[in-house]
Structure formats: structure tokens, C-alpha cells
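See structure below.
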Amino acid sequence: MKSATLLRLIAAAAVLMACSIPTRRADAFYPEEHQRVARLSLYLLGEMYPATFDRCLKLDGRDSIIRTMRYENISYAPEKPTLISGLIERIAWESLSPDFFRDLEFVDVDFSIDDPHDDSVLKNDDEAMYSTKEDLFLEIFFALFGAPHGNFTSYNHFINIGSYGKSRFDDYDGYSYQFIQEFGNQYQTDAKLLGKALDEGTIWYNSDAYVHAPGQQWYDGCSPSVERYSFPTRYPSRVEELKVRFPLAKNIGSENCGVPFSVFLPVDNVARFWYGRFLETGDPLDLGPIMHAIGDASIPHHAAGYLGNWHQAYETGMTDIVLAVVDSNSDRDEIKKIVESWDRIDGDVPDGLAPGDYTKTPAINWSVEDLVTWMALHAYRQYIEDYEPHYRSNRSHVIFFDKARELIILGTAMNVIVLKKALSEY
Ligand SMILES: [Zn+2]
Ligand SMILES: [Zn+2]
Numbered sequence: 053m054k055s056a057t058l059l060r061l062i063a064a065a066a067v068l069m070a071c072s073i074p075t076r077r078a079d080a081f082y083p084e085e086h087q088r089v090a091r092l093s094l095y096l097l098g099e100m101y102p103a104t105f106d107r108c109l110k111l112d113g114r115d116s117i118i119r120t121m122r123y124e125n126i127s128y129a130p131e132k133p134t135l136i137s138g139l140i141e142r143i144a145w146e147s148l149s150p151d152f153f154r155d156l157e158f159v160d161v162d163f164s165i166d167d168p169h170d171d172s173v174l175k176n177d178d179e180a181m182y183s184t185k186e187d188l189f190l191e192i193f194f195a196l197f198g199a200p201h202g203n204f205t206s207y208n209h210f211i212n213i214g215s216y217g218k219s220r221f222d223d224y225d226g227y228s229y230q231f232i233q234e235f236g237n238q239y240q241t242d243a244k245l246l247g248k249a250l251d252e253g254t255i256w257y258n259s260d261a262y263v264h265a266p267g268q269q270w271y272d273g274c275s276p277s278v279e280r281y282s283f284p285t286r287y288p289s290r291v292e293e294l295k296v297r298f299p300l301a302k303n304i305g306s307e308n309c310g311v312p313f314s315v316f317l318p319v320d321n322v323a324r325f326w327y328g329r330f331l332e333t334g335d336p337l338d339l340g341p342i343m344h345a346i347g348d349a350s351i352p353h354h355a356a357g358y359l360g361n362w363h364q365a366y367e368t369g370m371t372d373i374v375l376a377v378v379d380s381n382s383d384r385d386e387i388k389k390i391v392e393s394w395d396r397i398d399g400d401v402p403d404g405l406a407p408g409d410y411t412k413t414p415a416i417n418w419s420v421e422d423l424v425t426w427m428a429l430h431a432y433r434q435y436i437e438d439y440e441p442h443y444r445s446n447r448s449h450v451i452f453f454d455k456a457r458e459l460i461i462l463g464t465a466m467n468v469i470v471l472k473k474a475l476s477e478y
């Protein structure tokens, strides 16, 4: 074990203690909330468009990708429903599952770079992992502090609206610590992190790690998410793009190296991939991850690109708000009215959206990536107008109940229109 690893252990312990709610994750809309919103969306689809809903129930496509997906076995994931539970429950479960995919591999570099997949005694110092759970040394700290595990795949569940005009890969980039350092404000610090901000501390902990991506040595298909969610427009190929996105690391944090200088895939690309899969396969389970992407795009912190700034506290607050929307007849009526207003053919379909395009009215013939981006534009506006000023002057968590509820209502309506779109286009 090198000294950087020791430092990582201390930092990780501090980060994990800072995330004071055991058995919950720090960087994802909670599983049960994704599941509840997906269930409500399918129910409303059935009420509004019974013929389309019936078509969903009769689908018999089988997607090898989603059906053979390897999941992180994390204790707080609700149990996977069986065939007997019915299709709706299974789709709703797949809407929480993307946070548990084992499809983004980090390699922790020790000494000089070597084959992370070679376990032989003399060559096994570099360690490949899909979640913090696989870090042998960290397990000791997990045991001591009872802290939650993090799965790396959810780094792909952000879309940084602030990167518009400055983005490096897509019209809006995904999570990138380098971007936060240059353009962002990190307010939430923790004494246990020696005063470091949450993004800073978490990323510092991963500064000697890199994302194992195509084009790199020893890559053997171990990070399928980056291949699936990359749609290059500025590079000649996926491999070329991914090589620049995910620079290699050294055994200590260094300029332009590793996770801190990586640009993860944006969440609208996640939706685009699963939407495309659904149209190819007709597997209703592919609809789940699309709804996950819409849910994550509707979290202000995901749209602003922060792991910290009371992101986790905001998502904890979602539980009551989601339950309130699910139980409210007037909210359901409002969702239906919104869906009806979007169920139209736009004669002037946008090709990408600028931050000011939140004023546009979505339509069923918009691309799924623009629909997801539109959702994120609304979440981002709340971040900038309401949350950022509060964080700046108060340095504390807040949740504006009505605002958060507004995003859940819009997100549920977006699920319904995207489900209808998918089921009509298949
Ligand atoms: Zn989140
Ligand atoms: Zn997520």
C-alpha cells in the first residue's frame, strides 16, 4: 500500500462520515423515488392512452443488454421483482436499476501503471473496481463507520447546463470536476474533510484513479457505459473521443490526469441510448432506464453538475415530495394537462436547446435527448435562481417544497410523453 492509498483511506473515511445517513447513497435520486415516479407515470399512461398502454403490456421483445446487465449488489436496492410481480413492477424496478449497473470501471493506480485485470502477485498493484465496495482497504473503513457504498456508474447521470458554450464533447457536458474548479462554487465543506468541499474531497480521493475506457491498454470491454453513452460530434470516432474524455492517472494526483480531469457522459445521452435500444428491441424493460435519466435530469444539482452543495440532502427531501405528488389528485390532473399540451406535433423541431429554451413548449416529435435536456434546463434555472443564492449566503441545506414539487410534476409528465412517444414509434 502506497502513501497515496493511505491518504485516500483517510479522505474516504471522512467523505463517508460526512454522508451521515447510513444505507443511503450520496449521489443518486433515491431508488424508491425513481420507482414510485415510474409507477405513477405508467399508471397515468394507462389512464390517458389505454391503447398505447395495452401495446406496452403486449410487448415481447427481449434486449440482451438489459437482461444480462450486471448489478452492484448493494443492500439498499429494493429487491428485484419476479416475473409474477408483473410487467409494470419490472419496468419500475429497471427505472431505479441504472444506479446499480456495473458498467463504469475505475482503475486505482499504485506505483506505475500496470494491468488492472491481472491478479498475479507481482503485477496486481493496480486495482480495477465498479464501486468503492471493491476497494479492499476501504472495506475496513466501511465496516468501522457503516457508511454507504458508491457505484461509479452514476457519474454519468449529470448534465452541466452551465457548460453551454464551454463544453468539450457534447452541447452540454456531463460531470466534470475540472469544470467545477474553473467555473463553479463549492459551498458545502466538512470539517472532517479538513475543510475541503464535497466535490473537491471526493474527487481528490479519486485523483490517482482513471476511467478504464476504449483505446487504453488492457481495455477489455470493462466500461460498456462509456461506449454506449458516447455520441461523438467533435471527434472522428468514439475511441478518439473517449481517449480525450478519460485521461490516464498517475499514482499521485497530477495535472490533466485521471478522474479530476475526466468529463463523464451527460444524462441526455443515457436516455438517447436506452431509447434507441427500445426502438431496436421492443423490450419494455428498456423503458426503465429512460425514466431514470429523466428523473436525474430533474434534480437541480445534476443540472448544475455538483456532487456536493447539499445534493444528498435535497434528494433525501424528495421522499415526502414524491409521496405527496403520488397521493394528490390535483397533481395528477395537472400532470395530465401538461402531457396533453405536449402531445402535439411541433412544425419547428429544435436541433439542440440553448439554456434560454426552457420557455419552449415540448412536443412529442422532439428528440428524446432534447426532451431530457429541456427537463434539465428547468432544474438548472431553479438551481441558479433559488438554491445558489441561498447556499451562497447561508451555507446550509434548503429545499423549496413547491419548487421541488414542480420538478416532480414536470418530470412525471415528461415520462408519460416519452413513454407514449416510444410506444408509438416502435
Ligand atoms: Zn443525485
Ligand atoms: Zn442516477
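So for the sequence shown, the working numbering puts the first residue at 53; every next one is plus one.
Here a beta-carbon is modelled for each residue, glycine too, at the ideal position from N, C-alpha and C.
Residue j beta carbon less than 7 Å from that of residue i
i, j, result
"Arg457", "Ile397", "no"
"Val377", "Ile469", "no"
"Val89", "Thr371", "no"
"Thr205", "Leu156", "yes"
"Asp335", "Asp162", "no"
"Asp320", "Ile390", "no"
"Val296", "Ser228", "no"
"Ser350", "Ala431", "yes"
"Pro527", "Tyr224", "There is no way to answer for residue 527, as the model of the chain reaches only from 53 to 478."
"Tyr327", "Val401", "no"
"Phe152", "Glu186", "no"
"Gly247", "Thr241", "yes"
"Ser282", "Glu293", "yes"
"Lys473", "Met100", "no"
"Ser93", "Asn467", "yes"
"Asp251", "Gly98", "no"
"Ile304", "Ala323", "no"
"Val159", "Tyr262", "yes"
"Pro150", "Glu141", "no"
Delimiting residues of the alpha helix (DSSP H) encompassing residue i
i, result
"Met121", "Premise fails: Met121 is in no alpha helix (DSSP H) and is neither H nor E."
"Ala456", "453–477"
"Thr425", "420–434"
"Val89", "83–100"
"Lys389", "381–394"
"His169", "Run containing His169: none; DSSP gives neither H nor E here."
"Arg290", "290–297"
"Leu337", "Unbroken run through Leu337: none, as it is neither H nor E."
"Gln269", "Taken as a continuous stretch (DSSP letters only), Gln269 belongs to no alpha helix (DSSP H), as it is neither H nor E."
"Arg142", "139–146"
"Gln240", "From DSSP, Gln240 is part of no alpha helix (DSSP H); its letter is neither H nor E."
"Ala356", "352–356"
"Tyr216", "Premise fails: Tyr216 is in no alpha helix (DSSP H) and is neither H nor E."
"His449", "Unbroken run through His449: none, as it is neither H nor E."
"Glu234", "229–235"
Ligand 2 heavy atom lying under 6 Å from the CB of residue i
i, result
"Ser448", "no"
"Asp348", "yes"
"Asp155", "no"
"Ser275", "no"
"Asp151", "yes"
"His209", "yes"
"Ser147", "no"
"Ser183", "no"
"Ser393", "no"
"Ser172", "no"
Separation of residue j from residue i, as counted between CA atoms
i, j, result
"Thr75", "Leu337", "For Thr75, the pLDDT reaches just 38, beneath the cut-off of 50, and the residue's location in the model is therefore unreliable, although a value from the coordinates is still provided. Answer to the nearest angstrom: the Cα atoms are 26 Å apart."
"Arg154", "Ala345", "17 Å"
"Asp260", "Asn237", "24 Å"
"Glu307", "Phe313", "8 Å"
"Ala355", "Asn208", "12 Å"
"Lys302", "Asn258", "11 Å"
"Ser215", "His363", "19 Å"
"Pro266", "Phe235", "29 Å"
"Lys455", "Gln268", "44 Å"
"Glu131", "Glu85", "14 Å"
"Tyr358", "Leu109", "38 Å"
"Trp145", "Cys274", "24 Å"
"Trp426", "Asp166", "43 Å"
"Val450", "Trp270", "45 Å"
"Asp222", "Val311", "18 Å"
"Tyr95", "Gly340", "14 Å"
"Pro200", "Ala129", "Only weak support is given to the placement of Pro200: the predicted model assigns it a pLDDT of 49, under 50, and the value that follows is read from those uncertain coordinates. One C-alpha to the other measures close to 12 Å."
"Ser476", "Met121", "26 Å"
"Gly217", "Gly404", "12 Å"
"Arg107", "Leu139", "12 Å"
"Arg447", "Ala365", "13 Å"
beta-carbon residue i near ligand 1 non-hydrogen atom, thresh 6 Å
i, result
"Ile351", "yes"
Paired residues, beta bridge with residue i - DSSP
i, result
"Asp160", "Glu179, Ala261"
"Asn203", "Ser183"
"Phe210", "Pro318"
"Phe153", "Tyr123"
Any chain D beta carbon closer than 7 Å to residue i
i, result
"Trp145", "The structure shown has no chain D; it contains just one protein chain."
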